Amino acid sequence: MKRRQFLADLIYGATVALTLPVGVTEARVNTTGVRYLRPPGALPEDQFKSQCIRCGQCGEVCPNRAITYFGVAHGAEVMDTPFIVPREQACILCMKCGDVCPSGAIQPIKKTFKDIVGKVRMGKARVDENLCLSFQGKTCGVCYRACKLQDVAIRIGMLEQPHVLDACVGCGLCERSCIQIPQAIRIIPDYG
Amino acid sequence: MTKHLNKVRWLVLTTVFLMLILLPFIHLYQTYVAAHAYDLLAPAEKQVYDTMEMLTSPFVSDPEHDLDAIKGNTWSGTFFGFRISDPLAVVSQSFAGLSLYWPFILTGLIPLVLTVLFGRFYCGWICPATFLYELNSNFAVLMHRFGLHTGNRHFDRRFKYLVLGVGLLLSAMTGAVLTAVVYPPAIIGREIYYGVALSGYSHVVIGGFGAGAVFFLSTLLFDLFVSRRGFCRYLCPGGALYSMLGRFRLFRIQRVVENCNDCAKCNAVCEFGLDPLHDDFGQECNNCTACIAICPTDALKFSVSLADQPFKGHGHLGKVYQRNLVNKTKEKSGQGELP
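Read top to bottom, the protein sequences are chains Y and A.
Residues 0 to 191 in numbering that gives the first Met the number 0 are what the first sequence lists, from first letter to last.
Residues 0 to 338 in numbering that gives the first Met the number 0 are what the second sequence lists, from first letter to last.
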């Protein structure tokens with residue numbers, strides 16, 4: 000009985016050991032320890048890493064200084080690739096970075112309402128109703144007013160309560176503007 | 000005429016380097032203009048704003064958009080809508096993505112053709128790292144003059160091809176353009192930008208500079224204390240690529256044996272440790288023309304040829320050739336050899 004138990008445990012352990020790391024590495028796209036967004040128009044994360052040549056032109060044209068770069072502490076795989084932390088500085092959807100990217104890691108997207116809503120997928124905002132002032136009875140509505148796609152990406156309800164809609168592109172202007180500390184609205188990144 | 004090419008080269012190198020410093024400041028100026036908040040800028044930022052406005056106002060009317068015309072660095076840049084990329088960037092990206100993305104590959108075409116024609120000219124004429132490495136070599140000469148230790152060890156040149164191969168292999172395996180991390184010109188372009196524009200972020204090392212700056216400083220120290228111009232000679236993956244592309248370059252420097260006096264100044268001045276005195280340039284020569292500039296008898300000149308000439312013997316103005324000549328004439332006149 001003991002031996003059988005041991006063998007069963009061994010097989011179980013081996014199966015877990017062989018399958019678990021694969022599952023874990025596949026699940027973890029973001030290994031940097033930073034909750035970051037890629038610039039608008041960026042390819043899905045694994046493609047982006049192989050397409051980006053780390054030339055730094057996207058940051059150089061960014062008029063809002065939203066784009067910054069990973070350092071060596073975040074791993075050689077993502078080192079010197081561009082990212083945006085919306086709480087520090089959000090994307091204003093000027094679409095210059097896609098125009099300047101030479102290698103197509105950031106695809107060019109026309110600066111029109113239709114193209115931006117249809118093609119930009121940086122992430123999606125999510126409201127934490129326990130933190131949001133409007134849900135606590137104090138009308139605020141700052142995130143709605145900061146949004147560039149009002150009533151398309153975000154709708155406002157009673158007491159200025161924000162409701163994020165499906166068309167949200169994840170530029171992060173709402174997160175940047177939130178007057179709560181910590182912010183009550185966050186972008187959940189979409190790494191494709 | 001070709002005597003002065005070395006000065007032209009220094010002019011080009013300095014211009015490229017100064018541009019790399021200027022562009023991040025232009026970027027900062029553009030962001031200040033875009034923010035419409037001159038009054039809120041810190042004093043140092045106001046100084047940047049004023050200086051850049053003074054420099055650029057004669058040329059542009061709308062700085063926020065017009066100054067986008069020149070962006071990037073020598074790794075990949077935009078020049079009035081025209082994109083130029085380093086061939087190493089193109090090759091590495093193709094390996095990392097395991098696919099060919101033609102819009103990007105075409106941006107590397109002009110440098111590629113120029114490299115096939117002129118060999119490793121990028122290393123001598125454009126590379127912003129060369130600017131610093133050559134200043135570093137000059138500093139080593141100064142140190143040597145004061146009796147301080149400088150390194151002049153020699154390794155196998157073929158090591159850099161290994162670096163290139165392993166870099167491309169690792170890029171293909173990890174799916175990330177890893178050669179960009181160890182390629183000095185790409186590092187310098189990025190790090191100057193980081194240093195100027197990214198100070199104040201938490202993930203960078205000192206004053207905006209990142210790990211690349213540390214890496215580059217270590218290569219400078221390597222050049223100074225271990226091997227003169229060692230990184231370019233033995234380690235640079237870009238140099239390896241250009242050397243291979245430029246193996247059958249059309250324009251190359253050759254020695255005119257009739258003018259040579261065997262003084263060997265060309266060998267001493269050659270940054271890449273080549274042997275012009277024995278007609279041995281090979282694929283490593285970067286056509287920097289330093290040897291042409293220093294030659295006292297104008298024995299080195301550019302020529303159009305697919306291969307180096309074979310060793311032509313001692314220079315006709317040199318002592319060895321002259322002595323042999325005297326001996327020969329004496330043999331002919333029947334006096335025999337000198338004792």
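Beta carbons are placed, not taken as given, at the ideal position from N, Cα and C, and that holds for glycine.
Model, not experiment: these values are computed from the prediction.
Of the choices A:Thr218, A:Thr288, A:Leu108, A:Leu87, whose alpha-carbon is the least far from that of Val345 (chain A)?
Within the shown structure, residues of chain A are numbered from 0 to 338, placing residue 345 (chain A) beyond reach of any answer.
Let me know the beta strand (DSSP E) ranges lying completely inside the stretch 26-108 of chain A, each 3 residues or longer, listed in chain order.
Qualifying beta strand (DSSP E) stretches, in chain order: 69-71, 75-78, 81-84.
So is Gln50 (chain Y) in contact with chain A if we call contact Cβ pairs under 8 angstroms?
True, the Cβ-Cβ gap to chain A drops below 8 angstroms.
Where does Gly166 (chain A) fall in DSSP's three states?
Note: Gly166 (chain A) maps to helix in three-state DSSP.
Cβ closer than 9 angstroms: which chain Y residues qualify as neighbours of Tyr100 (chain A)?
Chain Y residues near Tyr100 (chain A): Gln50, Ser102, Gly103.
If you compare alpha carbons, which of A:Ala88, A:Asp274, A:Lys331 is closest to Gly238 (chain A)?
Nearest C-alpha to Gly238 (chain A): A:Ala88.
Which same chain residues, not among the five before or five after Leu111 (chain A), have their C-beta less than 6 angstroms away from its C-beta?
Pro86, listed in sequence order.
For chain Y, find out if any of its Cβ atoms is closer than 8 angstroms to the Cβ of Lys159 (chain A); answer yes or no.
So, not an interface residue.
For Glu59 (chain Y) versus Leu22 (chain A), is the C-beta distance shorter than 8 angstroms?
Closer than 8 angstroms, so yes.
Taking the beta strand (DSSP E) that Thr218 (chain A) falls in, what are its first and last residues?
Here Thr218 (chain A) belongs to no beta strand (DSSP E); instead the alpha helix (DSSP H) covers 210-224.
Buried or exposed: which applies to Asn286 (chain A), given that a residue is buried once 16 or more other Cβ atoms fall within 10 Å of its Cβ?
When all chains shown are included, Asn286 (chain A) counts as buried.
So, is His35 (chain A) buried or exposed, given that buried needs 16 or more other C-beta atoms within 10 angstroms?
Flag for His35 (chain A) reads exposed.
Quick check on DSSP: helix, strand or coil for Gln88 (chain Y)?
Gln88 (chain Y) falls in the coil class under three-state DSSP.
Below 8 angstroms on C-beta distance, what does Asp67 (chain A) contact in chain Y?
Within 8 angstroms Cβ-Cβ: Val60, Lys95, Val99.
Among residues of its own chain, excluding the 5 on either side of Thr114 (chain A), which ones have a beta-carbon nearer than 6 angstroms to its beta-carbon?
Contacts found: Tyr241, Leu244, Gly245.
Do Asp278 (chain A) and Lys300 (chain A) have their CB atoms nearer than 8 angstroms?
No, the pair does not count as a contact, with Cβ atoms beyond the cut-off.
By Cβ distance below 7 angstroms, which residues in the same chain neighbour Val21 (chain Y) in space, the five residues on each side in sequence not counted?
Since pLDDT at Val21 (chain Y) reaches only 49, below the 50 mark, its modelled position is unreliable, and the value read off the structure follows with that caveat. Same-chain partners within the cutoff: there are none.
Report buried or exposed for Gly164 (chain A), applying the criterion of at least 16 other Cβ atoms within 10 angstroms of its Cβ.
Gly164 (chain A) should be labelled exposed.
State whether the stretch 220-231 of chain A contacts the stretch 85-98 of chain Y, with contact taken as three or more CB pairs (one from each stretch) at a distance under 8 angstroms.
Touching, no.
In the structure shown, what three-state DSSP assignment does Arg228 (chain A) receive?
If DSSP states are grouped into helix, strand and coil, Arg228 (chain A) belongs with coil.
So the candidates are Y:Glu87, Y:Leu164, Y:Met157; which of them puts its Cα closest to the Cα of Gln135 (chain Y)?
Answer by Cα proximity: Y:Met157.
Have a look at A:Leu305, A:Ile187, A:Gly314, A:Gln308 and flag the residue whose alpha-carbon is nearest the alpha-carbon of Cys294 (chain A).
For the residues A:Leu305, A:Ile187, A:Gly314, A:Gln308, the minimum Cα distance to Cys294 (chain A) belongs to A:Gly314.
Would you call the CB atoms of Tyr35 (chain Y) and Phe112 (chain Y) closer than 8 angstroms?
No, they are not a contact pair.
Which same chain residues, not among the five before or five after Asp119 (chain A), have their C-beta less than 6 angstroms away from its C-beta?
First, the amino acid is wrong: residue 119 (chain A) is Arg here, not Asp. These residues qualify, in order along the chain: Tyr241, Ser242, Gly245, Asn285.
With a cut-off of 8 angstroms, does the C-beta of Tyr193 (chain A) fall near any C-beta of chain Y?
Closer than 8 angstroms: yes.
Let's see if you can read the secondary structure: which residues bound the alpha helix (DSSP H) around Tyr182 (chain A)?
No alpha helix (DSSP H) holds Tyr182 (chain A); DSSP gives it neither H nor E.
What did DSSP end up calling Thr288 (chain A) once you bin it into helix, strand or coil?
Coil at Thr288 (chain A), not helix or strand.
Return the residue from the list Y:Val141, Y:Gly74, Y:Gln50 that minimises the CA-CA distance to Gln160 (chain Y).
Cα-wise, what sits closest to Gln160 (chain Y) is Y:Val141.
How is Ile252 (chain A) classed by DSSP in three states: helix, strand or coil?
Looking at Ile252 (chain A) - three-state DSSP - the assignment turns out to be strand.
So which of A:Ile291, A:Tyr192, A:Pro102, A:Phe94 has the shortest CA-CA distance to Glu270 (chain A)?
Closest by alpha carbon: A:Ile291.
In whole angstroms, what is the alpha-carbon distance linking Gly40 (chain Y) and Thr50 (chain A)?
When rounded, the distance between both Cα atoms is 34 angstroms.
Measuring alpha carbon to alpha carbon, tell me which of A:Pro309, A:Asp297, A:Asn137, A:Ser304 ends up nearest Leu316 (chain A).
Out of A:Pro309, A:Asp297, A:Asn137, A:Ser304, A:Asp297 has the C-alpha closest to the C-alpha of Leu316 (chain A).
By the criterion of Cβ-Cβ separation under 7 angstroms, what are the contact partners of Gln56 (chain Y) in chain A?
Ordered by position in chain A, the residues that pass the 7 angstroms Cβ test against Gln56 (chain Y) are Lys70, Gly71, Ser75, Thr77.
Tell me, please, whether the CB atom of Ser226 (chain A) is closer than 8 angstroms to any CB atom in chain Y?
Cβ-Cβ to chain Y under 8 angstroms: no for Ser226 (chain A).
Can you give the Cα-Cα distance for Leu223 (chain A) and Tyr192 (chain A), rounded to whole angstroms?
Taking the straight line joining both Cα atoms gives about 25 angstroms.
Measure the CB-CB distance between Pro62 (chain A) and Gln92 (chain A) and report whether it falls below 8 angstroms.
Going by C-beta atoms, Pro62 (chain A) is not nearer than 8 angstroms to Gln92 (chain A).
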